[in-house]
Amino acid sequence: MLIFKTFSHGLAYCPKAAALTPSALIPSRPQSLRRFSSIKSVLSSTKSSLSSTTASTKDQYDFKTIENKWQTYWDENQTFKTPIRSPNRPKKYILDMFPYPSGSGLHVGHPEGYTASDVMARYYRATGHDVLHPMGWDSFGLPAEQHAINTGTHPEVTTFENIATFKRQLKSLGFSYDWEKEIATTDPEYVKWTQWIFLQLFGKGLAKQSEVSVNWCPALGTVLANEEVINGLSE
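Sequential numbering from 5 applies to the sequence shown in my numbering.
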């Protein structure tokens, strides 16, 4: 005979059934059935309540319509534009790591970090701070160069296409960036200053050129870090 015990979440098989006699089981059966019937009634009521709540919530919040409405409003009204500095207000510079605009677009790791910094930016704006919260692109990259070699497409073309994709995706997530401050590390006006900084370091003896042994990968056309070499080959 198979015996089941009643629990708050349903029924479970009792392995001790063989040790029980039919006469010992019969008196408790009606009570167990009553308990099970009561549990089924509660579960059925809970399921109905959850279904009603889910349907009601879905009706109340139309993600596509509401998100698109406010993101459009933020763009048109420059809601997150960096204010003109006021000496009477504290300031915060909240800088995210600029992503490399690959052809595959954003991955889940990007918004994970950007969400945290965006919470900070919104908090400091709400507490009376002048907030600078920009976004840019770490757009120098070997993949663009290799793509150019393989396809004959100029890196500038693919880089700007990828930036447009990344920007569209970031805007769709509702982050509060000041897009007027957008920069790319491939912009000539940006490169000019990175080169100027390097020359200052070089002139002070803080940078040098030398010949050393490196891990060269002919397939990628670049140098690899020790961590990227496994059994003498690129990972």
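Cβ atoms here follow ideal geometry from the backbone N, Cα and C, with glycine treated the same way.
Three-way DSSP call (helix, strand, coil) for residue i in this model
i: K208; result: coil
i: I88; result: coil
i: Y65; result: coil
i: E231; result: helix
i: S143; result: coil
i: L177; result: coil
i: S27; result: Summary for S27: the model assigns pLDDT 44, below 50, so the residue's position carries little reliability, and this model does not support an answer.
Distance, residue j Cα to residue i Cα
i: W141; j: P103; result: 6 Å
i: T198; j: G145; result: 16 Å
i: E160; j: F170; result: 15 Å
i: T25; j: F67; result: Confidence in T25 is poor, its pLDDT being 45 and thus under 50, which makes the residue's placement too unreliable to answer from.
i: L174; j: I187; result: 15 Å
i: H111; j: Y118; result: 12 Å
i: N81; j: E215; result: 54 Å
i: D182; j: I234; result: 42 Å
i: D100; j: P138; result: 8 Å
i: G109; j: H151; result: 16 Å
i: G156; j: I167; result: 19 Å
i: Y77; j: I70; result: 11 Å
i: W220; j: I153; result: 18 Å
i: Y65; j: V123; result: 22 Å
i: P115; j: P192; result: 28 Å
i: P91; j: G207; result: 36 Å
Residue i burial status per 10 Å Cβ neighbour count (16 or more: buried)
i: A148; result: buried
i: F179; result: buried
i: A229; result: exposed
i: I98; result: buried
i: P105; result: buried
i: T190; result: buried
i: A211; result: exposed
i: A120; result: exposed
i: A125; result: buried
Cβ-Cβ separation, residue j to residue i (assumed contact under 8 Å), whole Å
i: K85; j: E184; result: 6 Å
i: S143; j: T163; result: 5 Å
i: D134; j: R89; result: 6 Å
Segments assigned alpha helix (DSSP H), at least 4 residues, entirely inside the stretch 180-229
192-207
Just to confirm the assignment: which complete alpha helix (DSSP H) runs, minimum length 4, are found wholly within the stretch 84-139?
113-130
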